[in-house]
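Notes follow the structure.
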Amino acid sequence: MHPFLEPYNYYFLREQTQLLAQTHRSVNDRSTIQAVRGLAFETIKEELSHLTQEELAIVMAIEKITDSQREVDRYLENLRLFVRPFKQPSEAGVKKAFAKTKKIQMPDWETIDLKEYSFYAWNDPGQQSKFILYYQNAKLQGLQGTISNEVKKGICTICHGTSGVSLFTVKGKVNKDGQYKTKGNYICYNSEACNRQLQTRTHFDAFIEQVKAK
Ligand SMILES: [Zn+2]
Numbered sequence: 003m004h005p006f007l008e009p010y011n012y013y014f015l016r017e018q019t020q021l022l023a024q025t026h027r028s029v030n031d032r033s034t035i036q037a038v039r040g041l042a043f044e045t046i047k048e049e050l051s052h053l054t055q056e057e058l059a060i061v062m063a064i065e066k067i068t069d070s071q072r073e074v075d076r077y078l079e080n081l082r083l084f085v086r087p088f089k090q091p092s093e094a095g096v097k098k099a100f101a102k103t104k105k106i107q108m109p110d111w112e113t114i115d116l117k118e119y120s121f122y123a124w125n126d127p128g129q130q131s132k133f134i135l136y137y138q139n140a141k142l143q144g145l146q147g148t149i150s151n152e153v154k155k156g157i158c159t160i161c162h163g164t165s166g167v168s169l170f171t172v173k174g175k176v177n178k179d180g181q182y183k184t185k186g187n188y189i190c191y192n193s194e195a196c197n198r199q200l201q202t203r204t205h206f207d208a209f210i211e212q213v214k215a216k
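With the sequence shown counted from 1, adding 2 to any position gets you the working numbering.
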C-alpha cells in the first residue's frame with residue numbers, strides 16, 4: 003500500500019494515541035474511559051474522512067490501545083510505514099524558491115528524516131533569517147523572512163502549540179510613503195519542534211495565506 007498519511011496526520015494520531023493510553027492509565031471509571039475513547043475515534047474519523055476504507059482500517063487499529071506502552075509503540079511504528087515523506091527538493095529547486103536570496107545554506111538532506119516534516123524550514127542565525135519550504139498543489143514554494151533571535155514562551159501561529167516562539171517578519175510591498183509594509187507573527191524558533199506539533203495543514207495554510215496576502 004502507498005503511503006497515505008501526511009506527517010501532520012501522524013503527529014495528530016500520535017497525540018490521540020497518547021491521550022488514550024493516558025486515560026486508561028489514570029482513569030478508573032469505565033464510562034468515562036468509554037466516553038473519551040468514543041470522542042477520540044469520532045475526531046479521528048472526521049479528521050481523516052478522505053481515507054479509503056482500507057486505509058482507515060489501519061488507522062483504526064487505535065481501538066486496541068489500552069494502557070500498554072508496548073501496544074502504543076507497536077501501533078505508532080506501524081503507522082510510520084504509511085507516512086509520506088516531505089519530497090526532497092533539488093538544489094536548483096531550492097534556489098528558485100528563494101530567487102531573491104543570494105546566500106542560502108543548503109539543508110543537508112542526507113541527515114534529515116523527511117517523514118518528520120510537513121514543511122521544511124531552517125534558520126540562518128547569522129543573517130537572522132528563516133527559510134521555509136513547502137508544497138502548494140505539488141509545487142515547491144519558498145518563504146523567507148527575518149526571525150528574531152529572542153525566543154520566549156508563547157503560542158505559535160503555524161502549529162498552534164505552546165513553545166519557544168520568536169517574531170518572524172516578512173517584507174511586503176512598498177507603501178505610499180516608500181516604506182516596506184511588514185507582517186509579523188510569533189512562530190516556533192525551532193521548526194523541527196513546530197513540525198512535531200503541527201496536526202493539521204489548515205493552520206499552516208492559514209499562516210501562509212496571511213503572510214502572502216497583499
Ligand atoms: Zn510551531
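For each residue, glycine too, the CB sits at the ideal point set by N, CA and C.
Keep in mind it's a predicted model, so treat the numbers as computed, not measured.
Simplified DSSP assignment, three categories, for Val74: helix
Burial state of Ser92 (16 or more Cβ within 10 Å): exposed
Heavy atom of ligand 3 within 6 Å of Ile149 beta-carbon: Within the structure as shown, ligand 3 is missing, the only ligands being ligand 1.
Neighbour-count burial assignment, Val96, 16 or more Cβ in a 10 Å radius: buried
Completely contained alpha helix (DSSP H) runs for the segment 49-94, where each covers 4 or more residues: 55-61, 71-82
Host alpha helix (DSSP H) of Asn11 (start-end): 9-28
Secondary structure of Ala207, DSSP reduced to three states: Checking the sequence shown, residue 207 turns out to be Asp, not Ala. It is helical.
Three or more C-beta pairs below 8 Å linking the segment 57-73 and the segment 13-29: yes
Buried or exposed (CB count within 10 angstroms, at least 16 for buried), Gln36: exposed
Closer than 7 Å to ligand 1: residues, by C-beta to nearest heavy atom, in chain order: Cys158, Ile160, Cys161, Gly163, Ser165, Ile189, Cys190, Ala195, Cys196, Gln199, Leu200
Run of the alpha helix (DSSP H) containing Gln199, from where it starts to where it stops: 193-199
Among Gln199, Ala140, Gly128, Gln146, nearest to Cys190 - alpha-carbon criterion: Gln199
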